[in-house]
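Take a look at the structure below.
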Amino acid sequence: MAKRRTPITPEDLEQIVTPSQPQVSPDGNTVLFSRRHAGPKNTAVTNLWAVDIDGGKPRIMTSGDKDGHGRWSPDGSQIALISGRDGAAPQIRLLPAHGGESRALTSLPEGTISGFKWSPDGTQIAFMWREEDPEWTAQAKKEREAAGGSTPPRVITSAWYKLDGDGYFLQRRFVLKVIDVATGKIRTLWDKDGIGFFSYDWSPDSRTIAVTTVRGHNAIFRWEKTELRLITVATGKSKCLDWLPKGPKDTVTWSPDGKWLAWSGREEEDGTYGTDNLELWICQPSKKGSARCISNKTDYCLMAATLGDTAEVNFQASIQWTPDSKALLVRVGWHGESNIMRFNRRGGAPTPLTSGRCIHDPENQSSDGSVLTVMIDSPTSPPDVYIMDPRPGKDHTLTRLTTCNAELLRTRMFAKPTRYWATAEDGTRIETWMLKPPGIKNPRRRPAVLQIHGGPHAQYGYSFFHEFQCQAAKGWVVVYSNPRGSKGYGRDFCHAIRGNWGSADWVDIRAVIDWMKQRPEIDPKRMAIMGGSYGGYMTNWAMGHTNEFACAITDRCVSNLVSMGGNSDFIDKPDGYFPGNFWNKPEALWNSSPIRFAHKWKTPTLVIHSEGDLRCNIEQAEQVWAALQLRKVPSRFVRYPESTSHGFSRGGPSDLRIHRLHEILNWLDRYIGSGKKKR
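Just so we're aligned, residue 5 is where the sequence shown starts under the numbering used here, counting upward by one.
If you want it as structure tokens, here you go:
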């Protein structure tokens, strides 16, 4: 007799296994991937696994607990990986492709490795590395503690000295290094980048590396000066393609025939994250004036990330050439989906290779282009590894290679979303989804939770969201939407709120609220509102503009854009995204700040924030808390420790993530209940 399925719980978070970064071998026979799961004492265990494409069970390839970023050598005989074993500094290791023990290729001091790439001839590996400041190494901390010394001050000389999830790196920057695989000799190839975010790629002949880079002090304010440079590997000398259009550039990719470069970018001063579409560009580096955008006939943005809380959310563009150098395979987010499209090098309309209400994230191809690895997740299934043949004229059927969460899928009930469209007062249509409680046929007059996404320039859609499923499992209807400001609906839709939050976005949220009140599934007197980051911003904004919600939850929020302008990891440029500045022209920032309307707040509110949040500083939540307390609004403030960051709900310690989910469920249950009877 089949076991009866039960509702999903917060504790099931520790049962979810997350595969990522599938890499097919050059011969197309085997797929390597990282596999992450919860370990003892709130650790996350990551190992490399492999699976043959013609069937068979996945097999473990490494024995460490922090082994990831596996990449095949060009001849398929070796696998390079990043390993942080036994608490030591991360190193690049080499593993025989057919099994055996890995060996350390590098012996770097304490620092961070941010990816690597094999040279096409297999003799070298280029990698990004940032050395830890000597005063902040584990050994230095240990010696201070032994001597009874104080924690040293952080001395800062640049506006760019911290990043949420990365911490404080002060004046340290990532540099590009190259290691000889045979001898282990390491050389520094590029150390002039002023930000530390740069993309790079080898030329097919292994003689040159192309990099996108911004040089100079406080380069973080000068994205429009991003250069595309060609570095001669043998000498380290570089040449700038100074005839390219100004603007941010990223994810540079060399064509297999060596004649073309592709990258994601736009012609404006914003970084790659902004309201204008991030587009697909190509050029022939040997031909001055050959740069052109080949996606400008569409309204797609290459940075339309679909948010979730299990799969890796990648805001970078995904670009790869086909082996014949005639086309590029690109991930495109649109209307809540994420699909793979082929863009012809000559231009024209792209060809969709995938479709369906899920998230398709392409990874890499076999040498002949007959196998493409793809990560797929959906609202009712965490991510798994798939393959397909992306070549023209072929059947693009997706074949599943892993079932990493088979037991969870077999024993738990999952809510399936239904799509609707709400209409704003100006006629704008807002794509909206409803998760109905699983196991309840035709639910009526149920409590409801309106979830608002962060960003704001991202999208909700067909990804797996454990948090949403936990709320639906409690018997609540969960509603989420993509108001103006979201990606996935074209440039104008996203651009509508630039420099003016709380305008068209609130009009759209207001339309979704009105739509909810008309739905037979929802009890309009038992509705809650919540969101994180910008979603917390809009929750705060809603509290100052309506009293229709029984309760609110504001998570890692924005409340005061004036104070946030100078304390976030990304400092506001004067007359940049918002007009004016945060010191003597704060009008636009203040007018869009929810704290301005705190005198109207009456909704019982749960405030959640991380003390280690470097994106939305915890002072944003403290202002909300102070106003709620002064106004005697029923409220609760949950502060998570400094070890947690802005991305805590997606990648923090499992015990604290489970604690957060219970705080949310308990608050909602207190104010909207879980049964049919109105409290």
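Don't be surprised by glycine CBs; every beta carbon is placed ideally from N, CA and C.
query	result
If you count every other CB in all the chains shown that lies within 10 Å of the CB of glutamine 522, and 16 or more means buried, which is it?	exposed
What's the call for threonine 187, buried or exposed, on a 16-neighbour Cβ count within 10 Å?	exposed
So, helix, strand or coil for proline 138, using DSSP?	helix
Can you give me the C-alpha to C-alpha distance between isoleucine 298 and serine 259, rounded to a whole angstrom?	15 Å
Along the chain, where does the alpha helix (DSSP H) containing threonine 628 start, and where does it finish?	Here the sequence assigns valine to residue 628, which means threonine is not the residue at that position. 623 to 634 is the extent of the alpha helix (DSSP H) around valine 628.
Taking C-beta to C-beta, are aspartate 559 and glycine 539 nearer than 9 Å?	yes
Report the start-end ranges of each beta strand (DSSP E) in the stretch 568 to 604 that is 3 residues or longer and not cut off at the edges.	none
Would you tell me roughly how many angstroms separate the C-alpha atoms of arginine 654 and leucine 17, rounded to the nearest one?	11 Å
How about the stretch 303 to 311 and the stretch 460 to 478: do they share at least three Cβ pairs that are nearer than 8 Å?	yes
Tell me whether glutamate 231 sits in a helix, a strand or coil according to DSSP, three-state version.	strand
Thinking proline 249 and alanine 295 are a contact (beta carbons under 8 Å), I'd like their distance in whole angstroms, please.	6 Å
So, at 7 Å on beta carbons, what are the nonlocal neighbours of proline 354 in its own chain, with the 5 sequence-adjacent residues on each side left out?	Thr302, Met345, Arg346 and Phe347
Figure out for me which residue from Ile622, Leu565 and Lys146 has the closest Cα to the Cα of serine 154.	Lys146
Is DSSP giving serine 259 helix, strand or coil here?	coil
Work out the CA separation of leucine 234 and cysteine 4 for me, nearest whole Å.	Only positions 5 to 683 of the chain appear in this structure, which leaves residue 4 out of reach.
For histidine 102, which of Val182, Val55, Trp140 and Met132 has the nearest alpha-carbon?	Val55
Quick one: grab the DSSP three-state call for glutamine 128.	strand
Quick check on the DSSP output: the alpha helix (DSSP H) that includes asparagine 670 runs from which residue to which?	658 to 676
What residues in its chain sit with their C-beta under 6 Å from that of methionine 5, if we drop five residues either side in the sequence?	Because methionine 5 carries a pLDDT of 48, less than 50, the predicted location of this residue cannot be relied on, and the following value inherits that uncertainty. Taken in chain order, the list of residues that qualify is empty.
Just how far apart, CA to CA, sit asparagine 486 and threonine 436?	7 Å
Would the stretch 526 to 537 count as touching the stretch 488 to 498 if we require 3 or more Cβ pairs under 8 Å?	no
With respect to the beta strand (DSSP E) encompassing leucine 193, which residues constitute its N-terminal and C-terminal limits?	190 to 194
With a threshold of 7 Å on Cβ separation, who are the neighbours of serine 647 within its own chain once the five nearest residues in sequence on each side are excluded?	Gly616
How should glycine 198 be labelled, buried or exposed, when 16 other C-beta atoms within 10 angstroms of its C-beta is the threshold for buried?	buried
Ignoring anything shorter than 4 residues, give me the alpha helix (DSSP H) runs that lie fully in the stretch 412 to 485, in order along the chain.	470 to 477
Are the beta-carbon atoms of serine 563 and isoleucine 599 separated by less than 9 Å?	yes
Since leucine 232 and tryptophan 267 should fall inside the 8 Å C-beta cutoff, what is the C-beta to C-beta distance between them, to a whole number of angstroms?	7 Å
If you run the structure through DSSP and keep just helix, strand and coil, what is lysine 166?	strand
So, is leucine 634 buried or exposed, given that buried needs 16 or more other C-beta atoms within 10 angstroms?	exposed
Does the beta-carbon of asparagine 588 have 16 or more other beta-carbons within 10 angstroms, so that it is buried, or is it exposed?	exposed
Classify alanine 207 as buried or exposed, calling it buried when 16 or more other Cβ atoms lie within 10 Å of its own Cβ.	For the sequence presented, residue 207 should be read as serine rather than alanine. By the neighbour-count rule (16 or more Cβ atoms within 10 Å), serine 207 is buried.
Can you tell which of Ala130, Gly115 and Phe131 has the C-alpha that lies nearest to the C-alpha of aspartate 170?	Gly115
Comparing C-alpha positions only, which one of Pro528, Pro289 and Leu412 sits nearest to valine 453?	Pro528
Between the Cα of leucine 376 and those of Arg9, Pro30, Gln19 and Gln473, spot the shortest distance and give me the residue it belongs to.	Pro30
If distances are taken between C-alpha atoms only, which option among Met438, Tyr644 and Arg619 comes closest to methionine 520?	Met438
Along the alpha helix (DSSP H) that carries lysine 269, what are the first and last residues, could you check?	Here the sequence assigns glycine to residue 269, which means lysine is not the residue at that position. Here glycine 269 belongs to no alpha helix (DSSP H); instead the beta strand (DSSP E) covers 265 to 269.
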